[in-house]
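Student:
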């Protein structure tokens, strides 16, 4: 197959693939490797208005790694992201509005997230991405040295309380089912690259010194300034892949009474945060 043609989407993050249709998505044996390389280099890969459908999305995603199963959905390879009351996970989706890493509460976070747009809202509902590799690279030498030994406690209640300011006892009990997870602030990847681990699940520094909230908030703010963020405006049929190990992302605000339906597949992670 010929090489793919791409276009940068922002200075720090993102690339669009310009010359791939569904047939090539399924048949080009070189494309999975090319997508993995682009994810390593640019973090986000967009196929604009591809209209691949669930079957093709899953078939290609499987070429990138083993897929997480979602047994509560008709197709267990695809989670529906919507606020339909019948959606079994809808109660957790308001927290998607805050910067996060998928699977930060897991022992091994997801490697790649894949999402396609099936119903979009007329206003809002974009997805924003920011590189946690760039966040580390932009630190001063003194900060890199200082942060090397800092560990951070991640807690499900922390991110959910941002969306539910007055939680019920039932909600608190539900969130407590997730065990707190302690991660280093600096993730040294198996590739040798380093990234920062922050986001809305980050509750406090281990040991909880007085800098906890201020430091975590400052690092997030520095990493997500407008010049460092790719904000993708969805069109029906868009298919987006992102490197969950090197990014934080969030959903931008929209009218939750308006229908919006995204289909997400997830590639299992292959390395813990260390």
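In our numbering, the protein residues as written are 32 to 305. For glycine and all other residues, C-beta sits at the position ideal for the given N, C-alpha and C.
1) List the whole-angstrom C-beta distance separating residue 238 from residue 163, where the pair is believed to meet the contact cut-off of C-beta under 8 Å.
2) Identify whether residue 293 lies in helix, strand or coil by the three-state DSSP scheme.
3) Should residue 291 and residue 152 be called a contact, given that it needs their Cβ atoms to be closer than 8 Å?
4) DSSP on residue 210, reduced to helix/strand/coil?
5) With a floor of 3 residues, list each beta strand (DSSP E) that falls wholly inside the stretch 61-130, ordered by position along the chain.
6) Leaving out five residues on either side along the sequence, give the residues of the same chain with a beta carbon under 8 Å from the beta carbon of residue 299.
7) Start and end of the alpha helix (DSSP H) containing residue 172?
8) Is residue 126 near residue 49, with beta carbons less than 8 Å apart?
9) What span of residues does the beta strand (DSSP E) with residue 146 cover, start to end?
10) Excluding sequence positions up to five away, which residues of its chain have a Cβ less than 6 Å from the Cβ of residue 103?
11) Is residue 243 helix, strand or coil when you go by DSSP?
12) Would DSSP call residue 40 helix, strand or coil?
13) Taking the straight line between their C-alpha atoms, what separation do you get for residue 313 and residue 92?
Tutor: In short, the structure shows the following:
1) Contact doesn't hold; Cβ gap of about 22 Å is too wide.
2) strand
3) yes
4) coil
5) 75-78 and 110-112
6) 96, 97, 98, 99, 139, 141 and 142
7) 172-178
8) no
9) 143-150
10) Taking residue 103 as the centre and dropping the five residues before and after it, the same chain places the C-beta of 119 closer than 6 Å to its C-beta, in chain order.
11) helix
12) coil
13) Residue 313 lies beyond the residue range present for the chain, which begins at 32 and ends at 305; the question has no answer from this structure.
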